[in-house]
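Student:
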Amino acid sequence: MLLLQQMIVLFILMGIGYFCYRKAIITDEVSKKLSAIVVNIANPALILTGCMGEDRIQGKELLLTGGIMLAMYAVLLILAELLPRLLRVEKKSVGTYKAMTVFSNIGFMGFPVISALYGSGALLYAALFMIPYNILIYTYGVSSITTKEEGKEKSTSLGRIFNIGVIACVLTIVIYLAGISLPDFFKTTVTHLSNLTAPLSMMVIGASLATIDLKKLFTDGKLIFFSLIKLIIIPLIGILIIRQFVDNTVIRGVCMVMLATPVGSMTAMLAQQYDGDYEMASKGVALTTILSVATMPLVAALVM
Numbered sequence: 217m218l219l220l221q222q223m224i225v226l227f228i229l230m231g232i233g234y235f236c237y238r239k240a241i242i243t244d245e246v247s248k249k250l251s252a253i254v255v256n257i258a259n260p261a262l263i264l265t266g267c268m269g270e271d272r273i274q275g276k277e278l279l280l281t282g283g284i285m286l287a288m289y290a291v292l293l294i295l296a297e298l299l300p301r302l303l304r305v306e307k308k309s310v311g312t313y314k315a316m317t318v319f320s321n322i323g324f325m326g327f328p329v330i331s332a333l334y335g336s337g338a339l340l341y342a343a344l345f346m347i348p349y350n351i352l353i354y355t356y357g358v359s360s361i362t363t364k365e366e367g368k369e370k371s372t373s374l375g376r377i378f379n380i381g382v383i384a385c386v387l388t389i390v391i392y393l394a395g396i397s398l399p400d401f402f403k404t405t406v407t408h409l410s411n412l413t414a415p416l417s418m419m420v421i422g423a424s425l426a427t428i429d430l431k432k433l434f435t436d437g438k439l440i441f442f443s444l445i446k447l448i449i450i451p452l453i454g455i456l457i458i459r460q461f462v463d464n465t466v467i468r469g470v471c472m473v474m475l476a477t478p479v480g481s482m483t484a485m486l487a488q489q490y491d492g493d494y495e496m497a498s499k500g501v502a503l504t505t506i507l508s509v510a511t512m513p514l515v516a517a518l519v520m
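Here the sequence shown stands for residues 217 to 520, where the numbers follow my numbering.
#1: What is the residue span of the alpha helix (DSSP H) that glutamate 245 lies within?
#2: Within its chain, find whatever has a CB closer than 6 Å to the CB of alanine 315; leave out the 5 residues flanking it on each side and keep chain order.
#3: Going by alpha carbons, who is nearest to isoleucine 322 out of Ser247, Ile396, Gly266, Leu278?
#4: Does the contact criterion of 3 or more C-beta pairs under 8 Å hold for the segment 460-467 versus the segment 440-447?
#5: Can you tell me whether serine 251 is buried or exposed, with buried defined as 16 or more other CB within 10 angstroms of its CB?
#6: Please report the straight-line C-alpha distance between isoleucine 428 and serine 320, rounded to a whole angstrom.
#7: For a test of the three-state rule: what should DSSP assign to serine 508, helix, strand or coil?
#8: What is the C-beta distance between glycine 480 and methionine 230, in whole angstroms, given that I count them as a contact (C-beta under 8 Å)?
#9: Alpha helix (DSSP H) containing aspartate 436: first to last residue?
#10: Since threonine 413 contacts asparagine 259 with CB under 8 Å, what's their CB separation in whole angstroms?
#11: Indicate whether the contact test is met: 3 or more Cβ pairs, each with one atom in the segment 343-356 and one in the segment 286-294, closer than 8 Å.
#12: DSSP three-state call for lysine 368: helix, strand or coil?
#13: Mapping DSSP to helix, strand and coil, what is serine 397?
#14: Report yes if the C-beta distance between serine 397 and serine 498 is below 8 Å; otherwise report no.
#15: Could you tell me the distance, in whole angstroms, from the CA atom of proline 451 to the CA atom of phenylalanine 402?
#16: Given a threshold of 16 other Cβ atoms within 10 Å of its Cβ, counted over all protein chains shown, does proline 300 qualify as buried or as exposed?
#17: Which class does valine 479 belong to by DSSP, given the choice of helix, strand or coil?
#18: Using a threshold of 8 Å, state whether the C-beta atoms of alanine 338 and isoleucine 330 are closer than that.
#19: Exposed or buried, which one is glycine 476 when buried takes at least 16 other CB atoms within 10 Å?
#20: My understanding is that proline 478 touches valine 501, with C-beta atoms under 8 Å, so please give their C-beta distance in whole angstroms.
#21: Is the beta carbon of lysine 307 closer than 8 Å to that of glutamine 488?
#22: Alpha carbon to alpha carbon, how far is threonine 312 from aspartate 493? Give it in angstroms, no decimals.
#23: If you compare alpha carbons, which of Val254, Met520, Met418 is closest to tyrosine 234?
#24: Going by CA-CA distance only, name the one from Ala510, Ile391, Leu444, Val420 that's closest to leucine 220.
#25: For cysteine 236, which residues in the same chain have their Cβ closer than 6 Å to its Cβ, ignoring the five residues on either side in sequence?
#26: Short of 8 Å in beta carbon distance, which residues of its chain neighbour proline 348, apart from the five on each side in sequence? Order them along the chain.
#27: Could you compute how far the alpha carbon of phenylalanine 327 sits from the alpha carbon of threonine 404?
#28: Where do the N-terminal and C-terminal ends of the alpha helix (DSSP H) with phenylalanine 319 fall, by residue?
So, in structure tokens, the structure goes:
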């Protein structure tokens with residue numbers, strides 16, 4: 217019921233974006249500017265909220281979670297190189313498929329689900345996953361998605377690598393490890409900005425659906441096959457392996473949600489900002505979000 221309620225909220229937000237595009241309230245130019253707000257303001261604020269809690273993870277649980285986290289991302293990065301070749305996707309979509317393999321909707325969807333299932337204390341474990349996630353999405357993600365122009369190499373400027381997202385991650389780590397106490401007005405401001413991330417990003421995705429033939433969403437064999445691998449095969453195998461080393465049900469539950477959530481909407485946001493295959497990224501977000509209504513409860517029932 218919890219997962220279904222969360223999906224309904226996301227679908228309503230997407231529906232509003234779809235309606236606004238159809239009524240010309242959101243245009244292509246407005247959509248791109250909203251994406252810029254998400255990528256450069258709202259999502260970095262969401263990152264910073266990870267260091268504003270009072271509880272802390274220490275000792276063996278911290279090391280265990282950190283080790284699992286690094287192993288998970290290492291495997292996902294390897295799979296990101298293999299899956300596009302296995303699926304034989306078009307050259308223009310290879311980078312998008314790489315990003316969709318690695319980056320899931322752990323912030324917008326995963327955090328609320330984890331909080332409801334295991335309590336707010338479990339968000340500390342989820343927050344650890346957000347640190348490498350956001351560093352990777354603003355480095356590996358941007359590099360993969362960015363269109364390679366004819367006769368030119370992709371830009372590797374420091375501005376692309378050491379950008380606002382990575383700066384927010386570094387600040388989060390420093391503030392958390394140093395135990396810096398932030399003033400209430402700052403926390404309130406950051407929280408309000410972070411709350412923009414989910415509604416704006418899902419509205420932009422909804423607006424993008426107004427430009428897509430929805431029939432193609434369910435007739436793209438490669439995308440459907442990819443979705444089943446991402447939403448069922450990867451989390452099932454991943455959690456079965458993690459169960460061999462982890463007894464803590466909360467840590468296992470957090471890992472399950474981290475792996476089983478659909479493609480992150482930030483993938484589409486970055487594709488629009490950096491001129492990647494925005495249509496494919498939007499289709500991937502939409503299709504996996506729809507399918508995850510069934511696949512997340514299924515995975516949870518099989519392995520938890």
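Ideal placement from N, C-alpha and C gives every residue a C-beta, glycine not left out. No experiment lies behind these values; they were computed from the predicted model shown.
Tutor: In short:
#1: 244-253
#2: Gly357, Ser360, Ile361, Thr483
#3: Gly266
#4: no
#5: buried
#6: 22 Å
#7: helix
#8: Contact doesn't hold; Cβ gap of about 14 Å is too wide.
#9: From DSSP, aspartate 436 is part of no alpha helix (DSSP H); its letter is neither H nor E.
#10: 5 Å
#11: yes
#12: Model confidence at lysine 368 stands at a pLDDT of 40, short of 50, so the residue's coordinates are unreliable and nothing is read from them.
#13: coil
#14: no
#15: 37 Å
#16: buried
#17: strand
#18: yes
#19: In the sequence on display, residue 476 carries alanine and not glycine. Result: buried.
#20: 7 Å
#21: no
#22: 6 Å
#23: Met418
#24: Ala510
#25: Ile242
#26: Met285, Leu286, Tyr289
#27: 19 Å
#28: Run containing phenylalanine 319: none; DSSP gives neither H nor E here.
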